[in-house]
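Encoded as structure tokens, the structure appears first; notes follow it.
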Amino acid sequence: THNVTAPSWLPANVDIKMFIENKRGYVFMPAYPGVYNNILKRTEGSVLVGVSDSSSLVTEAGRINKPSFIPSGYIVYMR
Numbered sequence: 004t005h006n007v008t009a010p011s012w013l014p015a016n017v018d019i020k021m022f023i024e025n026k027r028g029y030v031f032m033p034a035y036p037g038v039y040n041n042i043l044k045r046t047e048g049s050v051l052v053g054v055s056d057s058s059s060l061v062t063e064a065g066r067i068n069k070p071s072f073i074p075s076g077y078i079v080y081m082r
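Here it is, written out as structure tokens:
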């Protein structure tokens, strides 16, 4: 797992985390009410967006294994 440093012009937000593992990037944040549905609407139901539970990332396409560094109850974008 590698930390990703945001550009200096981007304001810091301690709620948003970024990691890269096995050539896949993850951006994740706590799932606040309404945010996940808004993201799904704006991405037209992208399967690259999901919500984490204790063991999986739940996406529109189904469940995938959750990396251990992502807590439960987070909105996750994978790339």
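Each step along the sequence shown adds one to the number in the numbering used here, with nothing skipped, and position 21 is 24. In this text, a Cβ means the ideal position worked out from N, Cα and C, and glycines have one as well.
If contacts are defined as beta-carbon pairs under 8 Å, then residue i and residue j qualify, I think. What distance do you get, rounded to the angstrom?
i      : j      : result
Ile-78 : Tyr-39 : 5 Å
Pro-33 : Gly-76 : 7 Å
Leu-51 : Met-81 : 5 Å
For residue i, does the count of other Cβ atoms within 10 angstroms reach 16, so buried, or fall short, so exposed?
i      : result
Lys-44 : exposed
Gly-28 : exposed
Leu-13 : exposed
Phe-72 : exposed
Gly-53 : buried
Using CA coordinates, which residue listed in the options is at the minimum distance from residue i?
i      : options                        : result
Ser-49 : Ser-55, Gly-37, Glu-63, Asn-41 : Glu-63
Ser-55 : Val-17, Pro-70, Pro-10         : Pro-70
Ile-19 : Ser-11, Asn-25, Lys-26, Val-30 : Val-30
Val-17 : Glu-47, Thr-8, Ser-59          : Thr-8
Ser-57 : Asn-41, Pro-74, Thr-46, Glu-47 : Pro-74
What do you reckon, is the C-beta of residue i under 6 Å from a heavy atom of the ligand FAD?
i      : result
Phe-31 : Questions concerning the ligand FAD fall outside what the structure shown contains, since it holds no ligand whatsoever.
Quick one: what's residue i bridged to in DSSP?
i      : result
Ser-59 : Asn-68
Ile-78 : Met-32, Val-54
Arg-27 : Glu-24
At a Cβ threshold of 7 Å, is residue i touching chain C?
i      : result
Gly-28 : Annotation note: the requested chain C is absent from the structure, which comprises a single protein chain.
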